[in-house]
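Structure record follows, encoded as structure tokens.
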Amino acid sequence: MTAATVAESAGARGDQPPVPEGAVTITVKILRFNPEIDSEPRWETFGVPALPTDRVLNLLHYIKWYFDGTLTFRRSCAHGICGSDAMQINGVNRLACKVLVKDLMAAKGKQTTITVAPIKGLPVHKDLLVDMEPFMEAFKAVKPFLITYGNEPTRERIQSAADRERFDDTTKCILCACCTTSCPVFWNEGSYFGPAAIVNAHRFIFDSRDEGAQERLDILNDAEGVWRCRTTFNCTDACPRGIQVTKAIQEVKRALLFRR
Amino acid sequence: MQFHKYDVIIVGAGGAGMRAAIEAGQRSRTAVLTKLYPTRSHTGAAQGGMCAALANVEEDNWEWHTFDTIKGGDYLVDQDAAEIMAKEAIDAVLDLEKMGLPFNRTPEGKIDQRRFGGHTRNHGEAAVRRACYAADRTGHMILQTLYQNCVKHGIEFFNEFYVLDICLTETENGPVCTGAIAYELATGEIHVFSAKAVVFATGGFGKVFKTTSNAHTLTGDGMGIVYRKGLPLEDMEFYQFHPTGLAGLGILLTEGARGEGAILRNASGERFMERYAPTIKDLAPRDIVARSMALEVLEGRGAGPNKDYVLLDCTHLGAEVLETKLPDITEFARTYLAVDPVTEPVPVYPTAHYAMGGIPTNVHGEVLRDNDNVVPGLYAAGECACVSVHGANRLGTNSLLDINVFGRRAGLAAAEYANNHEHVELPENPAAAVQAQVELVLSEHGKERVADIRTELQATMDANASVYRTEETLKQALHDVQALKDRYAHITVQDKGKRFNTDLLEAVELGFLLELAEVLVVGALARKESRGGHAREDYPHRDDTNFMRHSMFYKQGDGLKSDIRLDYKPVTFTRYKPMERKY
Chain D
1 MTAATVAESA
11 GARGDQPPVP
21 EGAVTITVKI
31 LRFNPEIDSE
41 PRWETFGVPA
51 LPTDRVLNLL
61 HYIKWYFDGT
71 LTFRRSCAHG
81 ICGSDAMQIN
91 GVNRLACKVL
101 VKDLMAAKGK
111 QTTITVAPIK
121 GLPVHKDLLV
131 DMEPFMEAFK
141 AVKPFLITYG
151 NEPTRERIQS
161 AADRERFDDT
171 TKCILCACCT
181 TSCPVFWNEG
191 SYFGPAAIVN
201 AHRFIFDSRD
211 EGAQERLDIL
221 NDAEGVWRCR
231 TTFNCTDACP
241 RGIQVTKAIQ
251 EVKRALLFRR
Chain G
1 MQFHKYDVII
11 VGAGGAGMRA
21 AIEAGQRSRT
31 AVLTKLYPTR
41 SHTGAAQGGM
51 CAALANVEED
61 NWEWHTFDTI
71 KGGDYLVDQD
81 AAEIMAKEAI
91 DAVLDLEKMG
101 LPFNRTPEGK
111 IDQRRFGGHT
121 RNHGEAAVRR
131 ACYAADRTGH
141 MILQTLYQNC
151 VKHGIEFFNE
161 FYVLDICLTE
171 TENGPVCTGA
181 IAYELATGEI
191 HVFSAKAVVF
201 ATGGFGKVFK
211 TTSNAHTLTG
221 DGMGIVYRKG
231 LPLEDMEFYQ
241 FHPTGLAGLG
251 ILLTEGARGE
261 GAILRNASGE
271 RFMERYAPTI
281 KDLAPRDIVA
291 RSMALEVLEG
301 RGAGPNKDYV
311 LLDCTHLGAE
321 VLETKLPDIT
331 EFARTYLAVD
341 PVTEPVPVYP
351 TAHYAMGGIP
361 TNVHGEVLRD
371 NDNVVPGLYA
381 AGECACVSVH
391 GANRLGTNSL
401 LDINVFGRRA
411 GLAAAEYANN
421 HEHVELPENP
431 AAAVQAQVEL
441 VLSEHGKERV
451 ADIRTELQAT
461 MDANASVYRT
471 EETLKQALHD
481 VQALKDRYAH
491 ITVQDKGKRF
501 NTDLLEAVEL
511 GFLLELAEVL
521 VVGALARKES
531 RGGHAREDYP
541 HRDDTNFMRH
551 SMFYKQGDGL
561 KSDIRLDYKP
571 VTFTRYKPME
581 RKY
């Protein structure tokens with residue numbers, strides 16, 4: 001094996017890194033807002049070289065790293081697991097690291113434009129970065145932890161594979177807020193718990209080991225609870241983990257109707 | 001500037017940090033400071049499982065697990081620590097189950113277990129089912145379960161508080177840790193946290209490499225802070241390359257796939273691991289599989305148009321196994337490579353994954369300031385720490401185990417220390433260094449772009465300090481890293497604001513990456529042998545006479561121009577004598 005040298009770079013701002021073969025220039029239109037400077041949000045447009053296999057997150061990084069270091073967004077794992085980079089991409093809630101450019105390409109010969117805006121219904125702190133506190137407060141309000149009474153067994157609790165499967169879908173939640181911030185009821189009435197909190201309540205209500213279902217159902221029976229849901233299915237469409245969110249909410253409603 | 005006073009401060013909200021917080025928070029006034037929102041940490045990306053000799057599906061015991069861990073680590077493991085980890089693994093898994101973790105179940109309703117690389121029955125006879133798992137999102141479920149329990153116990157979090165320094169107060173018995181300094185991302189304000197005990201659980205530094213399974217945020221901040229304080233780092237040359245990263249992208253595909261029966265093949269379809277590890281084949285430890293894959297490619301047997309990857313064949317597992325036991329990786333292959341594992345083999349190549357080295361600690365999580373003495377009040381656990389239970393190569397699943405066993409131990413030890421000691425006064429002007437650092441990054445002193453330096457760092461590390469290394473490649477890497485450090489002195493950031501200045505954040509992170517890359521390369525150059533994850537083409541054999549010892553790296557002097565002093569620490573042996581490592 002021989003040593004590979006890395007080319008000395010020019011380093012000065014303004015020079016862009018080499019454009020890879022097969023790249024096309026994508027128009028990326030971003031809703032910017034920095035309360036330190038702006039009185040209201042404004043659209044800004046960048047031309048970004050991109051490969052079809054690039055994630056939208058790559059385009060945002062390109063802009064931040066080579067055009068405008070002030071562009072602000074959250075991200076971490078970059079493959080759809082950590083839930084940091086929920087945003088509206090072409091009007092729908094997605095994780096920027098799970099949307100590929102090839103899936104947003106315009107018809108042959110036409111210029112591709114991708115619009116990016118912050119998720120809706122939570123206060124915008126800066127650009128694509130929103131205040132997650134109201135979302136996390138709703139999550140915490142449904143007692144999202146296993147509740148049991150009596151003595152703990154010495155070994156593990158026994159749970160059949162079928163009982164484990166019963167709540168499998170809602171264990172996938174990564175708290176990205178795609179579902180909650182796609183919900184028209186949440187937009188209009190911020191006090192609504194929202195789909196993500198109900199998904200996490202569902203995860204415990206239908207866990208055969210849990211003994212806190214009644215407490216949680218009482219909370220969700222509240223005026224701001226599950227009955228606000230209008231089954232528009234936006235949440236299910238928005239979930240990057242493929243959780244049947246609306247179905248989970250309906251199952252919680254049914255549990256409320258048929259409980260003793 | 002704001003001041004806060006706590007008994008215990010935990011830095012980092014991944015698995016180790018939150019496991020420590022659950023213990024410390026119930027016993028003392030505790031706060032967690034985290035650069036990310038909780039549940040964003042990279043523990044959530046771990047997939048395959050967490051090993052413990054529960055013997056739920058076949059005969060097993062913790063002594064076999066200890067042996068596998070030591071052999072897997074190529075005998076650089078501290079054997080007393082490995083024993084503790086394997087023994088306490090059983091309760092660690094049961095504790096998580098009691099906290100609510102939804103493990104997959106056996107037909108009898110017990111926690112199910114599957115095979116994993118390097119985990120064997122009776123000292124290497126055959127692969128054993130030891131990994132407890134929740135589909136292929138075990139790390140996600142651990143992270144969620146620990147956060148849920150933090151909510152249950154009302155643990156206090158300071159989210160998006162970036163810790164940039166620790167406070168050490170000099171006493172007649174040496175330095176004592178008295179707090180931490182954090183930069184609040186939302187406001188740009190600096191916070192001084194006075195504490196009796198500080199636990200570091202800040203994760204790894206995979207972003208020194210280009211092709212990595214690591215998150216953008218894994219920049220070795222905790223290791224860097226400790227190192228800059230003149231405290232040692234241990235075994236930094238040992239970096240793990242996970243065999244099955246999605247080719248070209250580095251996104252992780254769990255070893256659990258091979259645990260369920262998936263097979264690695266070269267371009268001609270040959271199951272090449274039969275040649276390298278005849279007994280356990282595709283379930284050999286990661287260092288061996290990664291080197292075998294690299295050799296297949298180097299010798300022209302790689303697949304694809306450029307013959308630069310191999311194939312992970314899952315097609316014989318069937319759609320049901322993939323959808324129920326490996327759903328996430330099935331989706332990753334579909335989303336990012338447009339390959340359906342049900343019908344096609346998946347292109348894979350080794351990806352930078354895990355730091356075996358880190359901040360040296362004893363088995364209570366206490367941080368060492370040299371080979372014999374601890375820094376009272378300072379603790380570390382998880383990937384940022386080096387106990388050392390992973391030695392020269394970590395076995396799959398042992399990281400999720402490490403964070404639970406040693407996260408818990410560090411949390412307990414920190415709380416006990418805090419409850420038996422008074423607050424020691426902070427040093428004078430405790431935040432001065434951090435204030436100066438932030439001002440320096442924001443001031444104009446050049447036109448170098450952070451992204452350019454980082455890209456070049458990652459390129460040279462991938463090319464020269466990866467699976468195989470030589471004197472020549474490592475010298476090139478060292479030259480490049482040092483040149484990049486010079487250029488780093490001339491960086492500029494565009495965002496000069498106070499509000500969520502992630503431009504500033506990336507610049508600070510790059511400073512840590514550069515220093516840690518240099519330590520890694522210096523360690524790799526000095527270790528003239530091949531052991532575990534450190535493979536020198538020019539020194540292909542293990543050399544127990546000269547190198548059966550841990551490396552200890554100390555920063556000499558201040559600033560970027562400083563030198564590294566390399567010292568050594570003996571390995572702790574209990575009952576296992578070093579043998580040749582065959583599988």
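Chains as they are written, first to last, in our numbering: chain D, 1 to 260; chain G, 1 to 583. By construction, the Cβ of each residue, glycine as well, lies at the ideal position given by its N, Cα and C atoms.
Q) Between G:M552 and G:L474, what straight-line distance do the alpha-carbon atoms span, to the nearest angstrom? A) 19 angstroms
(Q) Suppose you measure from the CA of G:L264 to the CA of G:G139; what does that come to, to the nearest Å? (A) 24 angstroms
Q) Apart from the five residues on each side of it in sequence, which residues of its chain come closer than 8 angstroms, Cβ to Cβ, to D:E215? A) K143, I147
Q. Among the residues of its own chain, which have a CB less than 7 angstroms from the CB of G:A433, if the five just before and after it don't count?
A. D165
**Q.** Buried versus exposed, by CB contacts within 10 Å (16 or more), G:I111
**A.** buried
Q: Identify, in the order they occur along the chain, each residue of the same chain with its Cβ nearer than 7 angstroms to the Cβ of G:D95, setting aside the five sequence neighbours on each side.
A: none
Q: Would you list, in chain order, the members of the segment 198–228 of chain D that have their beta-carbon closer than 9 angstroms to a beta-carbon of chain G?
A: N200, R203, F204, D207, R209, D210
Q) At a CB-CB cut-off below 9 angstroms, which residues of chain G make contact with D:G83? A) Y37, T39, R40, G44
Q) Which one of G:R105, G:E58, G:L231 has the shortest CA to CA distance from G:N122? A) G:E58
Q: Could you spell out where the beta strand (DSSP E) holding G:H119 opens and where it closes?
A: 113–121
Q | Members of the segment 22–51 of chain D near chain G, C-beta cut-off 9 angstroms | A | N34, P35, E36, I37
**Q.** Alpha-carbon to alpha-carbon, G:K98 and D:I158
**A.** 11 angstroms
Q) Can you find a heavy atom of the ligand ZN that lies under 7 angstroms from the Cβ of G:V374? A) The ligand ZN is not part of the structure shown, which contains no ligands of any sort.
Q: Take D:T45 and list the residues in its own chain whose beta-carbon comes closer than 8 angstroms to its own, dropping the five residues that flank it on each side.
A: T27, V28, K29, I30
(Q) Against G:F116, what residues of chain D qualify as contacts under a CB-to-CB distance less than 7 angstroms, listed in chain order? (A) By Cβ distance, chain D contributes nothing, its closest Cβ being about 19 angstroms from G:F116, past 7 angstroms.
**Q.** Under the three-state DSSP convention, the category G:M293 falls into
**A.** helix
Q) Mind pulling the chain G residues with CB within less than 9 angstroms of D:R157? A) E97, K98, G109
Q) Which residues, in order along the segment 145–163 of chain G, keep a beta-carbon less than 7 angstroms from a beta-carbon of chain D? A) Q148, N149, V151, K152
Q) What number of angstroms, rounded off, separates the C-alpha of D:Q244 from the C-alpha of D:T236? A) 6 angstroms
Q) Can you list, in chain order, the residues of the segment 377–408 of chain G whose Cβ is nearer than 7 angstroms to any Cβ on chain D? A) none
Q) Per DSSP, G:K196 forms a beta bridge with which residues? A) Beta-bridge pairing links G:K196 to no other residue.
(Q) Please list, in chain order, the residues of the segment 164–195 of chain D that have any C-beta partner in chain G closer than 8 angstroms. (A) R164, F167, D168, T171, K172, C173, I174, L175
Q: Closer than 8 angstroms, Cβ to Cβ, to anything on chain G: give me those residues from the segment 102–115 of chain D, in chain order.
A: none
(Q) Closest to G:Q494 by C-alpha separation, out of D:S160, D:V92, D:G242, D:T72, would be which residue? (A) D:T72
(Q) One question on the structure: do G:A284 and G:G532 come within less than 8 angstroms of each other, judged by their Cβ atoms? (A) no
Q.
Would G:G451 pass as an interface residue toward chain D - the criterion being a Cβ-Cβ separation below 8 angstroms?
A. Checking the sequence, you will find Ala at residue 451 of chain G rather than Gly. Judged by the 8 angstroms Cβ criterion, G:A451 is in contact with chain D.
(Q) If I measure Cβ to Cβ from D:G83 and keep anything under 6 angstroms in the same chain, skipping five residues before and after, which residues do I get? (A) I174, L175, C176
Q. Hey, which unbroken runs of the alpha helix (DSSP H) at 4 residues or more fall wholly within the segment 216–269 of chain G?
A. 221–228, 256–259
(Q) Residues of chain G with CB closer than 7 angstroms to the CB of D:D68, please, in chain order. (A) Q494
Q: May I have the straight-line CA-CA distance separating G:H584 from G:P278, to the nearest angstrom?
A: Absent from the model: residue 584 of chain G. The displayed extent of chain G is 1 to 583, so no value can be given.
Q. Can you list, in chain order, the residues of its chain whose CB lies under 7 angstroms from that of G:P570, leaving out five sequence neighbours each side?
A. R549
Q. Quick one: complete beta strand (DSSP E) runs, 3+ long, within the segment 206–242 of chain D?
A. none
(Q) Here's a check: name, in chain order, each residue in its chain whose Cβ is nearer than 7 angstroms to the Cβ of G:L457, leaving out the five neighbours to either side. (A) V208, V481, L484, L513, L514, A517
Q | Spatially closest choice to G:G109 from D:R155, D:W65, D:V116, by CA coordinates | A | D:R155
Q: Look at G:A381 and G:A201 and say whether their C-beta atoms are less than 8 angstroms apart.
A: yes
(Q) If you reduce the DSSP assignment to three classes, tell me which class G:E170 lands in. (A) strand
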